[in-house]
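The structure appears below as structure tokens.
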Amino acid sequence: MAKKKKIKRALVVSGGGNKGAWAGGFLQYKVDEQGYDWDMYFGTSTGSMAITLTAMQEMEKLKEAYTELDNKSVWSVNPFNKKGAISIWNAIKRLISNKNSLGESGNLPGRLKTYFTENEYNILQKSGKKLFPCAVNYSKGIEEFGNIDLPYDEYIKWTWASTSVPIACDLVKIGEDYYLDGGVLQHVPLQKAIDEGADEIDVIVLRPNEKELATWYPEKGMLGVASRTLEIMERKVSNYNIEMPQLEATIKDVKIRIRYTPYNLTPNTAEAMKFNKAQMIKWWNEGYEYAKLDNTSEKIVLKRKNCC
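For reference, each letter of the sequence shown is one residue, going 7 to 314 in this note's numbering.
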């Protein structure tokens, strides 16, 4: 008798900055209460942060990492002032100094290492699970993926690069090339999950399932226009990242479940880069409660493994 093929299950988490807290709450319920687990994990930006501790099934630690996150944990040079607007004087100073960005997220790698230690990384490497944080190689103009086979410090760099939003964050050097946020080309890295041979895929997209953006009026000058430009590009890329792989998935008989947030958590891209603990705790709890109501028409049965 022929051996039954082992089903490969994948989790994909989109970019979305502080909205990753909502994804974390959703995933905590799925993992802790319903025993969900996956063989492969794909993330962009905040999604690349979420997948690591989810793969470890350390959901309380993931919760702490997100709900204790604040601006000091991320920014070594904060592009925002105390009122939450872009700091004009800082922007002028950095433009005069010929800097690549309005801010620098230099505190984030240390934050990542606090919650995901080298020892835990070594354990995860031996588990057989595969992790793929997505970043864009700015030197070559293409998306690329880190992986769990890399040395620990290099994997942390890939995750950091994946979260580094253009203009707001500085370039991250890996090897001889420079990298930034994977969301520039792969806001939802669903295609990579299909390419890696996934048979069943759970996707979390950190925005509502709407084709059009909310109406915007030019009230905040050139920086407001820059933020809106990023938002338009992100939505276009996101839609493409979802729609095209779905066509291939139909041909290959790959099962996909996509969950969107029930409403717009942030009004624009700039707001997604501000880390307010109270707001993120609220989103975590909302994601958790939303997962209780999750009742897609086609369930994928996922059994927890004693992996880590």
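Ideal placement from N, C-alpha and C gives every residue a C-beta, glycine not left out.
* To do: Could you tell me the distance, in whole angstroms, from the CA atom of N128 to the CA atom of K280?
  => Answer to the nearest angstrom: the Cα atoms are 32 Å apart.
* Where does E206 land, buried or exposed, given buried means 16+ other C-beta within 10 angstroms? -> Counting Cβ neighbours within 10 Å, E206 comes out buried, since at least 16 surround it.
* To do: Report back the beta-carbon spacing between L33 and T60 to the nearest angstrom; my notes put them in contact at under 8 Å.
  => Indeed they touch by this definition, with Cβ atoms about 5 Å apart.
* **C-alpha distance - K136 paired with M46, whole-angstrom precision** => Cα to Cα, the separation comes out at about 5 Å.
* Confirm, please, whether the CB-CB distance from R213 to T275 is below 8 Å. => No. Outside cutoff.
* **Sheet register partners of K3 (DSSP bridge)** => Given a span of 7 to 314 for the chain in the structure shown, any question on residue 3 remains unanswerable.
* What's the gap between the Cα of V209 and the Cα of R265? -> Looking at the backbone, the Cα of V209 and that of R265 are separated by about 6 Å.
* Asked: Among K298, L299, D300, P273, which residue has its Cα nearest to the Cα of N24?
  -> Taking only the C-alpha atoms, the option nearest N24 is P273.
* Per DSSP, what kind of secondary structure is V18 in: helix, strand or coil? -> Three-state DSSP puts V18 in a strand.
* **Same chain only: Cβ atoms within 8 Å of D183, ignoring 5 sequence neighbours per side** => So the qualifying residues of the chain are N143, Y144, S145, K146.
* To do: Specify, as a first and last residue, the run of the beta strand (DSSP E) that E66 falls within.
  => First-last for E66: 65-73, but that is the alpha helix (DSSP H), not the beta strand (DSSP E).
* Asked: Does the Cβ of S82 have 16 or more other Cβ atoms within 10 Å, making it buried, or fewer, making it exposed?
  -> With fewer than 16 other Cβ atoms within 10 Å, it is exposed.
* For D201, which of helix, strand or coil comes out of DSSP? -> In the three-state reduction of the DSSP assignment, D201 falls in the helix class.
* Would you kindly check if the distance between the Cβ of A278 and the Cβ of K36 is under 8 Å? => No; because the gap between Cβ atoms is not below 8 Å, this pair is not in contact.
* Less than 8 Å separating the beta-carbons of L118 and W166? -> In this structure, W166 lies closer than 8 Å to L118 by Cβ.
* Please classify M250: is it buried, with 16 or more other beta-carbons within 10 angstroms of its beta-carbon, or exposed? => Residue environment for M250: exposed (fewer than 16 other C-beta atoms within 10 angstroms of its C-beta).
* Asked: If you count every other CB in all the chains shown that lies within 10 Å of the CB of S51, and 16 or more means buried, which is it?
  -> Counting Cβ neighbours within 10 Å, S51 comes out buried, since at least 16 surround it.
* Is the beta carbon of S79 less than 8 Å from the beta carbon of S170? -> At a Cβ-Cβ threshold of 8 Å, S79 and S170 do not count as neighbours.
* Roughly how many angstroms lie between the CA atoms of I262 and L75, to the nearest whole one? -> CA-to-CA, the gap between I262 and L75 works out to about 31 Å.
* Of all the CB atoms in chain B, is at least one closer than 8 Å to the CB of E292? -> Note that chain B does not occur in the displayed structure, where there is just one protein chain.
* Sub-8 Å separation of N106 and D176 beta-carbons -> Taking 8 Å as the Cβ cut-off, N106 and D176 qualify as a contacting pair.
* Asked: Among F48, L236, Y72, which one has its Cα closest to the Cα of E331?
  -> Because the chain spans 7 through 314 in this model, residue 331 falls outside it and cannot be assessed.
* **Pair within 8 Å by beta-carbon distance, V260 and I200** => Judged by their CB atoms, V260 and I200 are nearer to each other than the 8 Å cut-off.
* **Nearest candidate by alpha-carbon position, reference L191, set W164, N84, C140, Y161** => L191 has its Cα closest to that of C140, out of W164, N84, C140, Y161.
* **Of the listed residues V211, Y161, M65, nearest to Y269 (C-alpha basis)** => Residue V211 is the option with its Cα nearest to Y269.
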